[in-house]
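Everything on this sheet refers to the single structure shown next.
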Amino acid sequence: MQDIDAEAFARLYTQHLRAVRSYVTRRVGPGAAEEVTSEVFLVAWRRWPEADVAGLPWLYATAHHAISNHLRGERRYDQALQHLQAAARSSPDETAASADRVVASQALLELSEQERDVLLAVAWDGLTVAELAAVLGCSTATAHVRLHRARRRLDTAMRAQDRRPDSTMERSR
Amino acid sequence: MTPSAKHRQDAALRELDPLPLPTADHDHEKLQQDAAWLLALAETHPRTRSLVHSHSRPARRQRARRGAVALGLALAGLAGGGVALATTGGWDQIAASWDDMTGHDPQRQAATPQMVARGTGTSSSATGITDLQLIAAPTADGGQCVHLGGGASTQDTCYSGQDTAPKTPLAGLGGQAFYQSYFTSQADYLWGHVDPQQVATLRVSATDRDPVTATVDRTTGYWVTSIIDTNAAHPLTLTAIAPDSRTLLSQTIAP
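Set out below in structure tokens:
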């Protein structure tokens, strides 16, 4: 049986649970979040001490895979995004900022899954480019490029949304 | 991309964040218990993990929430620098564990749990386990929740109606015929349910291990036993014996 450094594992878990759970919850919803988060830390145990040495970026990368597996099984990624869009539309907040939210949610649907992942990991989870690189399994320079391209794509898509009549109507309500 | 466009993009994405507020922190003890549960799950035999993962999603989520309670792990197990399976000890603790297990899921509240079988078995950590306890209750979806306690280990598991569909060698022996086992480093635990009119005892044997015999409870039809760690490398053979000592069935059940 594998020798377990339980105290070190508990330390890793305590230190990073919140970040990992938030990362997971944002992508699979609260219903499946605990299950997927548990899976992340089970993998951490199996890959000990690699997980301990690599820390949070490693956990993010593992969570990324676990989420992909979950969503592949559930085929809910696009469904989740549609909900996101619906929630943005149904918001009672009529400020310009909320209008941008509608535009952004629609624009996100036009991006590839990878582009959305990159943008949301930075915007929602506050990942650094180095952490993003760990999640994507690429160099920091490549992560920089991917983030830049995704930002540019979203910008273009948001501008296109701005020009749509229904979007304009939405914003001027 | 202009700075203002970047600012607008950042602000819009932040607004879309489904978790704008920090999620509530677990308290420290709960965190450690969860970590202990995960460790215990990771340490258990792969077959046990597959059992856990074969449960319905609500059941798995519930297990995750229950943390260490599910396997009877004590916080002391971590404090000692290693994982220790704590002795559950006593009906009160079992009942409390059961409440925790069933209290949050309407599917699991169909019936009051009751002691359905007691038994003995063997374990590598002691000369024998003399007081195995099996507590069970049917669930609303036709499955069962069971609590198996005794020796140095304890296990709570809920099976859905689908899980408990007759699909084991015991299926032909009446009742809701199934068995499950789980593994620790000390012993493999087995329990099941048969028609007590048809089956009086179940014998479990393995290569290089003394066989153990479980007596079927005459009232409930449940049985429970444990056999000293077989390391899952050697197959377990289950033999069902009728009240008149006829062998009704003898079949390999694991690994």
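Listed in order, the protein sequences are those of chains A and B. Mapping of the first sequence onto the numbering used here: position 107 corresponds to residue 105, and the numbering continues sequentially without gaps. Mapping of the second sequence onto the numbering used here: position 182 corresponds to residue 184, and the numbering continues sequentially without gaps. All C-beta atoms, glycine included, are put in the ideal place defined by N, C-alpha and C. Model, not experiment: these values are computed from the prediction.
Residue interval of the alpha helix (DSSP H) (run including residue i)
i, result
"residue 6 of chain B", "5 to 18"
"residue 220 of chain B", "Taken as a continuous stretch (DSSP letters only), residue 220 of chain B belongs to no alpha helix (DSSP H), as it is neither H nor E."
"residue 111 of chain A", "111 to 121"
"residue 129 of chain A", "127 to 134"
"residue 48 of chain A", "48 to 52"
Residue i (DSSP reduced to helix, strand or coil)
i, result
"residue 238 of chain B", "strand"
"residue 152 of chain A", "helix"
"residue 253 of chain B", "strand"
"residue 194 of chain B", "strand"
"residue 244 of chain B", "coil"
"residue 174 of chain B", "helix"
"residue 40 of chain A", "helix"
"residue 135 of chain B", "strand"
"residue 125 of chain B", "strand"
"residue 99 of chain A", "helix"
"residue 162 of chain A", "coil"
"residue 120 of chain B", "strand"
"residue 111 of chain B", "Per-residue confidence for residue 111 of chain B stands at a pLDDT of 44, beneath the threshold of 50, marking its modelled position as unreliable; no derived number is given."
"residue 169 of chain B", "Only weak support exists for where residue 169 of chain B lies, its pLDDT of 47 falling under 50; the value from the coordinates is given anyway. In the structure shown, residue 169 of chain B sits in coil (DSSP, three-state: anything other than H, G, I, E or B)."
Unbroken beta strand (DSSP E) run spanning residue i, endpoints
i, result
"residue 216 of chain B", "211 to 217"
"residue 206 of chain B", "203 to 208"
"residue 225 of chain B", "224 to 230"
Whole-angstrom C-beta distance between residue j and residue i, which should lie under 8 Å
i, j, result
"residue 18 of chain B", "residue 162 of chain A", "Going by Cβ atoms, the distance from residue 18 of chain B to residue 162 of chain A rounds to 18 Å, so no, they are not a contact pair."
"residue 38 of chain A", "residue 18 of chain A", "6 Å"
"residue 221 of chain B", "residue 203 of chain B", "At roughly 15 Å, the Cβ-Cβ gap does not stay under 8 Å, so residue 221 of chain B and residue 203 of chain B are not in contact."
6 Å Cβ shell around residue i - same chain, five flanking residues per side excluded
i, result
"residue 239 of chain B", "207, 254"
"residue 119 of chain B", "136, 219, 224, 225, 226"
"residue 56 of chain A", "49"
"residue 205 of chain B", "213, 215, 241"
"residue 140 of chain A", "none"
"residue 250 of chain B", "242, 244"
Close Cβ partners of residue i (< 8 Å) along its chain, the five nearest in sequence each way excluded
i, result
"residue 117 of chain A", "106, 109, 145, 148, 149, 152"
"residue 136 of chain A", "144"
"residue 34 of chain A", "22, 26, 61, 64, 65, 68"
"residue 175 of chain B", "196, 197, 200, 201, 242, 250, 251"
Contact set for residue i: own chain, Cβ-Cβ below 7 Å, skip 5 residues either direction
i, result
"residue 25 of chain A", "65"
"residue 58 of chain A", "21, 125, 129, 132, 133"
"residue 122 of chain A", "24"
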